[in-house]
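*Asks:*
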Amino acid sequence: MTVGVDAEPLKDEVSERGWEVDPDDEWGVAVIATVGRQLKLRREAVGMRAGDFAKAVGYGEDMVYKIERGQRIPRPEYLDKADDVLGAGGLLSAMKEDVEKVRYPKKVRALAEMEAKAVEIGVYECNIIAGLLQTAEHARAVIGAAQPPYSPDDVERMVAARLARRSVFERAPAPSIHFVLEEAPLHRQVGGTMVWRRQLEHLLEVGQLNNVSLQVMPTNADAHPGLDGRIELLKFSDGKAVGRSDGLFNGRPVSDPKQLRILELQYGTIRAQALPPRESLAFIQKLLGET
80 MTVGVDAEPL KDEVSERGWE VDPDDEWGVA VIATVGRQLK LRREAVGMRA GDFAKAVGYG
140 EDMVYKIERG QRIPRPEYLD KADDVLGAGG LLSAMKEDVE KVRYPKKVRA LAEMEAKAVE
200 IGVYECNIIA GLLQTAEHAR AVIGAAQPPY SPDDVERMVA ARLARRSVFE RAPAPSIHFV
260 LEEAPLHRQV GGTMVWRRQL EHLLEVGQLN NVSLQVMPTN ADAHPGLDGR IELLKFSDGK
320 AVGRSDGLFN GRPVSDPKQL RILELQYGTI RAQALPPRES LAFIQKLLGE T
């Protein structure tokens with residue numbers, strides 16, 4: 080069994096901010112309750128007191144109790160240490176995948192699940208670079224600029240959730256993905272010059288994928304339906320679809336065919352007014368060359 084190092088400060092409620100369980104996330108609550116129960120049963124099975132276990136894994140005793148009661152999300156390294164200390168043979172470490180999913184915000188997790196099933200994805204973004212296209216550094220700078228600010232741990236949690244959605248580009252068969260980005264956010268050097276340059280380079284990389292179409296809407300373009308805000312359309316293999324627009328239907332996701340037709344009309348108009356994909360990539364390359 081591994082013994083904790085007493086000289087290191089034990090992790091407590093303050094140092095573990097951002098790992099709270101969302102009470103509105105029923106699935107997440109159930110997963111963490113099950114994980115906590117398994118941790119407690121394993122600890123008691125080997126006859127180890129909570130205080131001794133806490134020192135061995137480097138956590139405060141109160142945190143151990145909260146994790147076992149399903150009130151806190153255990154970090155992956157906590158499960159690894161618990162597995163080692165309690166001699167679980169990998170059974171506790173195996174729970175990391177589900178636990179990591181719980182840590183992603185419920186809304187982001189639901190969106191990622193839909194994107195993972197979609198055969199066609201269309202996104203128009205007006206104020207920022209679309210989340211699916213953001214690098215880790217760019218996402219960290221954007222999320223970190225929020226007011227009131229998120230805790231550093233919350234920022235990392237949200238960045239990880241955003242990056243996890245990028246697995247959609249690695250799917251086989253690959254979905255057809257279309258992006259339209261406004262020109263203005265491409266000029267904004269979020270995170271500094273190097274982060275901004277890397278973000279533009281990433282856009283060029285993604286824009287050259289066979290299943291991806293990337294278009295830029297010039298600032299001198301005529302008025303278009305996207306001035307009300309972001310639009311996203313997802314279509315699935317069974318013919319169903321879901322969409323959302325900041326400016327329509329109170330911003331709620333819709334699946335009614337009549338409402339979807341309106342979103343499709345708007346998105347189609349936006350794509351028609353934006354620069355074609357080849358010209359869009361040349362435009363981004365020109366921005367890179369100007370620095």
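Position in the sequence shown (from 1) plus 79 gives the number in this note's numbering. Quick reminder that beta carbons are idealized off the backbone N, C-alpha and C, glycines included.
(1) Express the C-alpha separation of Thr113 and Gly305 in angstroms, rounding to a whole number.
(2) With DSSP collapsed to three states, give me the class of His281.
(3) Which first and last residues belong to the alpha helix (DSSP H) in which Arg116 is found?
(4) Taking the continuous beta strand (DSSP E) assigned at Ala351, which residues delimit it?
(5) What residue range is occupied by the uninterrupted alpha helix (DSSP H) comprising Ser359?
(6) Per DSSP, what kind of secondary structure is Met127 in: helix, strand or coil?
(7) Any idea if Met142 is buried or exposed, counting beta-carbon neighbours within 10 angstroms, 16 or more meaning buried?
(8) Let me know if Val295 comes out buried or exposed under the rule of 16 or more other beta-carbons within 10 Å of its beta-carbon.
(9) Going by alpha carbons, who is nearest to Ser255 out of Asn290, Val285, Arg276 and Gln338?
(10) If you draw a straight line from the alpha carbon of Ala239 to that of Leu366, how long is it in whole angstroms?
(11) So is Lys68 buried or exposed if we call it buried at 16+ other beta carbons inside 10 Å?
(12) Whole angstroms is fine: what's the gap from Glu284's alpha carbon to Arg245's?
(13) Is it buried or exposed, Ser316, if we count other Cβ atoms within 10 angstroms and call 16 or more buried?
(14) Kindly list the residues whose CB is nearer than 8 Å to the CB of His266, restricted to its own chain and excluding five residues on each side of it in sequence; keep chain order.
(15) Return the CA-CA distance between Arg357 and Lys180, expressed in angstroms with no decimal places.
(16) What residues match up with Lys145 in a beta bridge as DSSP calls it?
(17) Apart from the five residues on each side of it in sequence, which residues of its chain come closer than 8 Å, Cβ to Cβ, to Glu280?
*Replies:* From the atom records:
(1) For Gly305 and Thr113, the gap between their C-alpha atoms comes out near 44 Å.
(2) Secondary structure of His281 (DSSP, three-state): helix.
(3) That run of the alpha helix (DSSP H) goes Glu105 to Ala124.
(4) Careful: Ala351 lies outside any beta strand (DSSP E), inside the alpha helix (DSSP H) at Pro336 to Gln352.
(5) Taken as a continuous stretch (DSSP letters only), the alpha helix (DSSP H) holding Ser359 covers Pro356 to Gly368.
(6) Note: Met127 maps to coil in three-state DSSP.
(7) Buried.
(8) If you draw a 10 Å sphere on the C-beta of Val295, you find 16 or more other C-beta atoms in it, and that means buried.
(9) When each option's Cα is compared against that of Ser255, the closest is Asn290.
(10) Going by the C-alpha atoms only, they are around 28 Å apart.
(11) For residue 68 there is no data in the structure shown, the boundaries of the chain being 80 and 370.
(12) About 13 Å.
(13) Exposed.
(14) Cβ neighbours of His266 within its own chain (closer than 8 Å, five residues either side excluded): Leu366.
(15) So the alpha carbons of these two residues sit roughly 37 Å apart.
(16) DSSP links Lys145 through a beta bridge to no other residue.
(17) For Glu280, where only same-chain residues beyond five positions count, the Cβ hits under 8 Å are Leu367.
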